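Taking it in order: structure first as structure tokens, then the write-up.
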Amino acid sequence: MACYHGHKLLEEHILKNPLLSGKVIIEVGSVREHMEGQNSTGFFMELCKKHNMKLISVDMDPECSANVHKEAEKLDFENYEAVTMRGEDYLKTIEKFDYLYLDGFDYYHNMHSQKRKDKYKEILQTEITNENSWKSHLDMVKEVYEKGAEYSLLCIDDVFDANKGKGCTAIPFLMENEWKAQEHKYNAVIFSL
898 MACYHGHKLL EEHILKNPLL SGKVIIEVGS VREHMEGQNS TGFFMELCKK
948 HNMKLISVDM DPECSANVHK EAEKLDFENY EAVTMRGEDY LKTIEKFDYL
998 YLDGFDYYHN MHSQKRKDKY KEILQTEITN ENSWKSHLDM VKEVYEKGAE
1048 YSLLCIDDVF DANKGKGCTA IPFLMENEWK AQEHKYNAVI FSL
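End of the sequence shown sits at 1090 in my numbering; the numbers just go up one at a time, nothing left out.
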């Protein structure tokens, strides 16, 4: 059985809307490496290709942005942008969003490779800690919570419980600001207005 993550949850909810042509998925956290169930970028590209949608994939790491281009080439997909930027900074620049997938700054666990830890130090001058992950995701939702529309969906990946994962501070903030949690599945939570 496939090991799904939040991108599958977002897809399930996106497909409830019959009018998808022209809509845009923004993902924060581009494809890093190919692991079972982990390649949200390729997954979203296939979904976008099928329904005439656009993907904007945002990542702080130029290597991950290069992976987005490789993925698009492999899938013969052209309606996308790869943006090399922190999610918080990119989300400041948008006026509204259709579908937003937050899978950016990693939470702490002891299986991060040295290469990944070094990237955080080199690019962001910081370290992978739970507090840094929570702050990053909170900062991102603070940038967008007033930019949703009636059909907008916001999905946070790697949400295990109130104290573990990426959404520990972002989720309470969203709920205090009229976003409703629709479902917690595949270790992710999806919200709508």
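For every residue, glycine included, the Cβ atom is placed at its ideal position computed from N, Cα and C.
These figures come from a predicted structure and were not determined experimentally.
Residues bridged to residue i [DSSP beta-bridge criterion]
i     : result
G1062 : V1056
D1137 : Limits of the chain in this structure are 898 at one end and 1090 at the other, which puts residue 1137 out of reach.
K1080 : Here the sequence assigns Glu to residue 1080, which means Lys is not the residue at that position. Partner(s): I1087.
D956  : T981
K951  : V921
L1050 : Y996 and S1089
G1045 : F994
Own chain, CB closer than 8 angstroms to residue i, minus 5 neighbours either side, in chain order
i     : result
L1090 : G1045, A1046, E1047, S1049, E1075, W1076 and K1077
E975  : A969
G939  : V928, E968, K971 and L972
N1084 : H902, G903, D1054, D1055, V1056, F1057 and G1062
K1014 : E1024 and I1025
L944  : E908, I911, I922 and M950
A1067 : L999, W1031, H1034, L1035, M1037, V1038 and I1053
L1021 : M957 and R983
S962  : S927, S954, D956, A979, V980 and T981
N964  : S927, V928, R929 and T938
E1019 : none
Per-residue burial, residue i [other beta carbons within 10 Å of its own, 16 or more giving buried]
i     : result
Y1004 : buried
N936  : buried
H966  : exposed
L906  : buried
D1036 : buried
N1060 : exposed
E908  : buried
I912  : The question names Ile, but residue 912 is Leu in the sequence shown. Exposed: under 16 other Cβ atoms inside 10 Å.
L916  : exposed
C900  : exposed
N914  : exposed
N1007 : exposed
Contact set for residue i: own chain, Cβ-Cβ below 7 angstroms, skip 5 residues either direction
i     : result
G1064 : H1034, I1053, V1056 and V1086
F941  : H904, I922, E924 and L952
P959  : T981
K1016 : D958
E985  : S1033, D1036, M1037 and E1040
K1082 : L906
H1009 : D1003 and I1025
N1029 : F1002 and T1023
Residue i: CB within 7 angstroms of a non-hydrogen atom of the ligand ATP
i     : result
W1076 : The ligand ATP is not part of the structure shown, which contains no ligands of any sort.
Close Cβ partners of residue i (< 6 angstroms) along its chain, the five nearest in sequence each way excluded
i     : result
E1080 : I1087
Y987  : V955 and V980
L1051 : L997 and F1088
Discussion item. Under 8 angstroms: do the segment 951-965 and the segment 915-926 share three or more Cβ pairs, one atom per stretch?
Written reply: The segment 951-965 is in contact with the segment 915-926.
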